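Data block below; observations after.
This is the structure:
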């Protein structure tokens with residue numbers, strides 16, 4: 008799947024698209040396909056570390072908290 012992860016870049020305007028493995032849901036989880044995502048104020052505050060409850064050491068931090076998604080059939 009394609010993601011734009013939060014990196015240690017000091018330049019917030021640099022966003023890099025990366026491929027990561029599709030997560031495998033466990034017994035009580037649901038896999039969803041994201042059709043659209045947006046970046047809002049909390050996302051650009053997370054990236055430089057301005058949100059204390061979210062550590063930069065909690066990889067992967069994938070930005071885009073607002074999403075449009077549908078469940079994926081197993």
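Residue numbers (my numbering): 8 to 81. For each residue, glycine too, the CB sits at the ideal point set by N, CA and C. This one's a predicted model, so the numbers in the text were calculated from it and none came from an experiment.
C-beta atoms of residue 39 and residue 12 nearer than 9 Å | In the chain shown, counting from the first residue as 1, residue 39 sits at position 32. In the chain shown, counting from the first residue as 1, residue 12 sits at position 5. In this structure, residue 12 does not lie closer than 9 Å to residue 39 by Cβ.
Residue 21 by DSSP, collapsed to three states: which one?
-> In the chain shown, the residue the question calls residue 21 occupies position 14. Shown here, residue 21 sits in coil according to DSSP, grouped into three states, outside any helix or strand.
Determine the DSSP secondary structure at residue 30, reduced to helix, strand or coil.
-> Here residue 30 is taken as the residue at index 23 of the chain shown, counted from 1. It is coil, neither helix nor strand.
My understanding is that residue 74 touches residue 21, with C-beta atoms under 8 Å, so please give their C-beta distance in whole angstroms.
-> As a first step, residue 74 must be located in the chain shown, where it is residue number 67. As a first step, residue 21 must be located in the chain shown, where it is residue number 14. Here residue 74 is actually not in contact with residue 21; their C-beta atoms are around 23 Å apart, not less than 8 Å.
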